[in-house]
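The block underneath contains the structure these notes are about, expressed in structure tokens.
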Amino acid sequence: EETINFISRDDLIKFRDKYFTSGRLSFVASGDIEIQELKTGFENTLMLPSSDPCLFPEDLPIIRKQIFSVEPYEKIDQAYMVYGFRAPRILNPDEYTLNVIAEILGGGRASTLNKKLRYEKGLVYNVSAWLSSLADCGSWAVMTSTSKDKVNEVIEIITKEIKRVMDNGLTQEEIEFAKNKIIKSKLMEMQTSGSWVGFHSHYESISRTGAWTLEDYLKGIELVTQEKTKEVANSYFGKDKWFIGICGDIKEGDVEVVW
Numbered sequence: 001e002e003t004i005n006f007i008s009r010d011d012l013i014k015f016r017d018k019y020f021t022s023g024r025l026s027f028v029a030s031g032d033i034e035i036q037e038l039k040t041g042f043e044n045t046l047m048l049p050s051s052d053p054c055l056f057p058e059d060l061p062i063i064r065k066q067i068f069s070v071e072p073y074e075k076i077d078q079a080y081m082v083y084g085f086r087a088p089r090i091l092n093p094d095e096y097t098l099n100v101i102a103e104i105l106g107g108g109r110a111s112t113l114n115k116k117l118r119y120e121k122g123l124v125y126n127v128s129a130w131l132s133s134l135a136d137c138g139s140w141a142v143m144t145s146t147s148k149d150k151v152n153e154v155i156e157i158i159t160k161e162i163k164r165v166m167d168n169g170l171t172q173e174e175i176e177f178a179k180n181k182i183i184k185s186k187l188m189e190m191q192t193s194g195s196w197v198g199f200h201s202h203y204e205s206i207s208r209t210g211a212w213t214l215e216d217y218l219k220g221i222e223l224v225t226q227e228k229t230k231e232v233a234n235s236y237f238g239k240d241k242w243f244i245g246i247c248g249d250i251k252e253g254d255v256e257v258v259w
């Protein structure tokens with residue numbers, strides 16, 4: 001609240017002038033329209049300051065001075081947590097493999113972590129895993145919640161499952177299951193012009209090449225192998241690479257991560 005109250009009109013104008021420029025603009029369209037018609041229409045009506053193309057930096061450095069982030073909520077039995085690792089920036093080829101690993105470990109009720117944490121142990125109601133890719137960094141993480149006295153047991157099970165992938169890679173059966181689910185789900189999503197625009201817009205604004213498409217994404221998923229899951233897991237996961245964020249009635253010293 002205090003930060004928001006300090007925002008002035010001048011701050012907003014400076015932000016607009018810095019970020020709303022021609023070099024940061026991208027057009028993505030799907031439908032009965034030629035790109036030149038769209039381009040001309042925007043150029044005649046959308047007046048933006050001219051600038052050089054926005055070039056994103058290399059991957060941000062990984063700094064682990066703070067590996068725990070705890071937001072205390074006293075007298076609350078439930079602890080919500082994210083347990084994850086730094087991942088590569090968007091359009092890195094390892095994205096495909098990390099997506100497949102996330103699908104198997106925490107991609108729904110059939111995922112291995114849901115089976116182990118919910119159905120076998122009754123420790124959680126839900127657990128999910130995902131990859132988030134940005135212009136200069138990314139993150140791969142598992143999110144769940146449990147009773148505060150069960151946090152370490154949950155972390156131990158998640159760690160063992162990640163180590164399984166690091167030691168042996170996903171099984172061929174798991175990989176084929178994940179590939180089919182990811183590809184079929186993506187094809188089902190792409191039923192409208194809006195879905196095509198939404199899928200490509202983020203990549204278009206960052207890649208600046210216009211060369212990456214849905215077809216590239218699906219091919220990348222198809223090329224994931226058992227050996228690749230092991231190789232990529234060892235590149236980004238490990239005992240010196242994790243971060244944990246927790247919200248609940250818990251202290252940093254209560255949490256133990258054993259690799």
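Position one of the sequence shown corresponds to residue 1 (the working numbering), numbered consecutively onward.
Ideal Cβ positions, reconstructed from N, Cα and C, are used throughout, including at glycine.
Source: prediction; values computed, not measured.
Counting contacts by CB-CB distance shorter than 8 Å, is residue i in contact with chain C?
i	result
residue 11	Reference to chain C is not applicable here, since this structure consists of a single protein chain.
Nearest to residue i by alpha carbon, out of the options?
i	options	result
residue 71	36, 244 and 28	244
residue 130	141, 41, 166 and 212	141
residue 206	33, 11 and 92	92
residue 114	179, 158 and 73	158
residue 22	29, 256, 54 and 193	54
residue 186	169, 215, 156 and 168	215
residue 184	121, 221, 160 and 171	221
residue 104	139, 34, 149 and 172	172
residue 87	34, 80 and 238	238
residue 82	190, 236, 24 and 154	154
Can you tell me whether residue i is buried or exposed? The criterion is at least 16 other CB atoms within 10 Å of its CB, across all chains shown.
i	result
residue 98	buried
residue 234	exposed
residue 258	exposed
residue 246	buried
residue 102	buried
residue 211	exposed
residue 50	exposed
residue 272	Given that the chain is displayed from residue 1 to residue 259, the structure contains no residue 272 and the question cannot be resolved.
residue 76	exposed
residue 47	exposed
residue 20	exposed
With DSSP collapsed to three states, give me the class of residue i.
i	result
residue 139	strand
residue 78	strand
residue 212	coil
residue 169	coil
residue 50	coil
residue 43	helix
residue 259	coil
residue 238	coil
residue 199	helix
residue 177	helix
residue 92	coil
Taking residue i and residue j to be in contact with their CB atoms under 8 Å, please state how far apart those CB atoms are, rounded to whole angstroms.
i	j	result
residue 78	residue 133	Their Cβ separation, rounded to whole angstroms, is 30 Å, which puts residue 78 and residue 133 out of contact at 8 Å.
residue 110	residue 56	The pair is not a contact, with the Cβ atoms about 36 Å apart (cut-off 8 Å).
residue 73	residue 248	5 Å
residue 182	residue 226	The Cβ separation is near 16 Å, so there is no contact.
residue 263	residue 256	For residue 263 there is no data in the structure shown, the boundaries of the chain being 1 and 259.
residue 64	residue 137	About 14 Å; that fails the 8 Å criterion.
residue 96	residue 223	7 Å
What does DSSP give as the partner residue(s) for residue i in the beta ladder?
i	result
residue 87	138
residue 127	144
residue 72	248
residue 56	In DSSP, residue 56 forms no bridge with anything.
residue 132	139
residue 243	84
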